[in-house]
Amino acid sequence: MPRARCTSPPTAPEETVDTGGRSSAALDDVRLRRLWGEVTKLHAARIAHRDLRLANVLIDTGGHPVLVDFGFAENAASDARLAQDVAELLVSTALVTDPRRSVQAAVDVLGASAIDAAVPYLQPLALARSTRLRLRDTPGLLEELRTALTSAGATRAAPRPLSRIPSRSWFLLLLVLAGFVTYQALIGIAGPRSPMTVLADAGVRWLFVGVLLVAASYAAGALSLMGASTRDLAFGPTCVRQVAASYASRQLPTGRGGTAVLSAYLRDHGAGPHEATATVALTRLTGAFVHLAALALALASAAAQGGETLRSPAWSRPLILVVSVVAALGAVRMWHRRAEIVLPMRAAAASLPRLWRRPPHLIALLAGNCTVTSCSVLAFLAVGHAMNVPISPVILAAVYLLLGPVRLLGPLPGGLGIVEPVLVLALVGLGAGPTEDVLTVLTYWILSFWLPIPPAVLAFRAVSRR
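In the working numbering, the protein residues as written are 73 to 538.
This is how it looks when you write it as structure tokens:
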């Protein structure tokens with residue numbers, strides 16, 4: 073890691089630009105080449121700085137550049153990450169000096185191939201926010217950089233497709249409102265037992281088990297993505313992206329934000345747009361197969377155990393009518409969006425044969441999806457046990473697996489407002505107490521849908537800053 077070689081305070085080159093915008097002696101050609109030399113050492117170790125602006129470069133009294141602030145740095149970085157570093161520093165130095173000098177110094181030190189790889193990232197979305205703000209004052213700078221790079225022998229490649237997922241707090245407020253209305257309606261159909269009495273008798277340890285299982289499902293989702301991808305993904309960062317994707321999926325009515333976050337993560341590791349979309353779709357497709365297998369097993373086990381007599385409560389008919397109308401509208405919406413669903417799934421199905429040639433990836437994909445499904449079912453069973461629901465775990469699992477996919481037809485992420493009433497109705501029909509059933513469903517949704525939001529917000533903001 074570069075270190076300062078002096079005892080006196082270094083100076084920041086960005087702070088030595090005069091008011092006319094002309095470069096000062098702090099970044100002459102010699103120091104520019106020394107700066108790119110420090111970048112060469114960093115990239116030779118496969119370390120991406122990920123915030124390589126002049127604000128993070130100091131010049132000591134000997135005229136040597138010092139790279140600072142490695143808070144976002146990444147080890148074993150992909151070629152795409154290293155290329156983004158180069159693009160960021162090219163723009164940052166060009167803002168202080170001029171595009172021709174910035175490009176010439178980079179080519180002299182890094183070589184044409186490294187510069188060529190950075191060309192697709194010379195676009196606002198690939199740059200830090202502070203750099204984008206400064207580019208507003210010089211709107212033609214990126215084009216000047218591309219021209220200078222072409223003159224230096226680089227390919228005039230088109231900008232790489234990138235995207236940013238906006239944070240839409242208003243939609244989260246809409247979810248809170250919808251959840252509040254749904255929960256108030258469900259509490260209104262609770263039985264003679266007081267909800268406080270049921271909660272007082274609840275097994276807190278089983279609720280804690282439910283929390284752990286929900287957390288484990290995110291780690292399992294990361295394992296599934298690692299198995300589906302042909303790229304080498306680190307487990308820790310993939311877990312963070314998985315958590316961030318859960319927040320993004322709550323930002324859009326159809327939950328597409330999660331797919332966008334994970335696709336962007338794969339593109340950062342060198343995957344093309346189509347490959348990234350197909351990889352995420354492959355995890356969903358495999359998850360659907362695992363869910364169907366688990367449902368078949370649960371139904372067979374429930375049938376072998378002996379069926380329960382279903383009883384319809386008086387309020388079931390209006391509830392079924394409302395849910396049916398909402399589900400029908402959701403089905404129509406899905407039909408209009410079928411191309412967005414079918415095309416990625418076709419690409420995912422076409423990529424299945426390559427997994428047979430990569431057994432470790434296939435095992436990770438299957439193990440991850442099996443664990444996700446198992447954790448979800450076991451968390452629901454843990455909450456039901458905590459609330460003392462007198463229904464066999466096998467039948468509870470079958471009910472959850474059978475009705476869970478209804479959420480896909482809901483207008484809100486997670487099927488909020490449509491899954492909860494259906495689950496409560498099914499549990500009441502199986503003979504459990506209405507109060508216990510309502511609290512089981514509401515508590516499970518709090519643990520699995522609402523509780524992960526705060527850490528997911530932090531993860532989303534962290535990856536957005538990067």
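We treat Cβ as the ideally placed atom computed from N, Cα and C, and that holds for glycine.
Check whether residue i and residue j have beta carbons under 7 Å apart
i: residue 300; j: residue 210; result: no
i: residue 154; j: residue 178; result: no
i: residue 565; j: residue 419; result: Since the first residue of the chain shown is 73 and the last is 538, residue 565 is not available in this structure.
i: residue 105; j: residue 181; result: yes
i: residue 359; j: residue 460; result: no
i: residue 454; j: residue 471; result: no
i: residue 513; j: residue 496; result: yes
i: residue 103; j: residue 135; result: yes
i: residue 152; j: residue 340; result: yes
i: residue 366; j: residue 445; result: yes
i: residue 463; j: residue 415; result: no
i: residue 473; j: residue 374; result: no
i: residue 168; j: residue 221; result: no
i: residue 140; j: residue 203; result: no
i: residue 312; j: residue 531; result: yes
i: residue 250; j: residue 489; result: yes
i: residue 138; j: residue 126; result: no
i: residue 292; j: residue 443; result: yes
Beta-ladder partner(s) of residue i, from DSSP
i: residue 139; result: 129
i: residue 146; result: 120
Among the options, the one whose alpha carbon lies nearest that of residue i
i: residue 302; options: 433, 154 and 100; result: 433
i: residue 331; options: 366, 352 and 315; result: 352
i: residue 450; options: 440, 465 and 161; result: 465
i: residue 212; options: 201, 200, 194 and 249; result: 194
i: residue 150; options: 337, 279 and 250; result: 337
i: residue 147; options: 102, 531, 527 and 306; result: 306
i: residue 296; options: 310, 504, 286 and 283; result: 310
i: residue 357; options: 377, 437, 371 and 530; result: 437
i: residue 494; options: 528, 394 and 431; result: 394
i: residue 161; options: 124, 416 and 523; result: 124
i: residue 448; options: 428, 398 and 284; result: 284
i: residue 542; options: 320, 217 and 184; result: It is not possible to answer for residue 542, since the shown part of the chain is limited to 73 through 538.
i: residue 524; options: 314, 189, 152 and 113; result: 314
i: residue 272; options: 202, 526, 527 and 507; result: 507
i: residue 403; options: 167, 131, 479 and 344; result: 479
i: residue 522; options: 248, 335 and 531; result: 248
i: residue 286; options: 529, 530, 518 and 430; result: 518
i: residue 191; options: 217, 200 and 458; result: 217
i: residue 477; options: 399, 423, 505 and 289; result: 399
i: residue 200; options: 342, 122 and 343; result: 122
i: residue 277; options: 457, 504 and 423; result: 457
i: residue 304; options: 275, 323, 290 and 343; result: 343
i: residue 491; options: 510, 130 and 529; result: 510
i: residue 410; options: 526, 481, 130 and 475; result: 481
i: residue 266; options: 505, 112 and 156; result: 505
i: residue 329; options: 100, 112, 252 and 536; result: 536
i: residue 527; options: 290, 189 and 166; result: 290
i: residue 109; options: 183, 166 and 145; result: 183
i: residue 132; options: 426, 372, 275 and 99; result: 99
Element boundaries [alpha helix (DSSP H), containing residue i]
i: residue 189; result: 184-190
i: residue 157; result: 151-168
i: residue 309; result: 307-320
i: residue 282; result: 276-300
i: residue 501; result: 491-501
i: residue 196; result: Segment: none, residue 196 is in no alpha helix (DSSP H) and carries neither H nor E.
i: residue 521; result: Unbroken run through residue 521: none, as it is neither H nor E.
i: residue 441; result: 431-458
i: residue 469; result: 465-475
i: residue 223; result: 213-223
i: residue 269; result: 267-272
i: residue 425; result: 424-428
i: residue 203; result: 201-207
Any non-hydrogen atom of the ligand COA closer than 6 Å to residue i Cβ
i: residue 270; result: Within the structure as shown, the ligand COA is missing, as the structure has no ligands at all.
Restricting to runs no shorter than 4 residues, where is the alpha helix (DSSP H) found entirely within the stretch 341-400?
345-377
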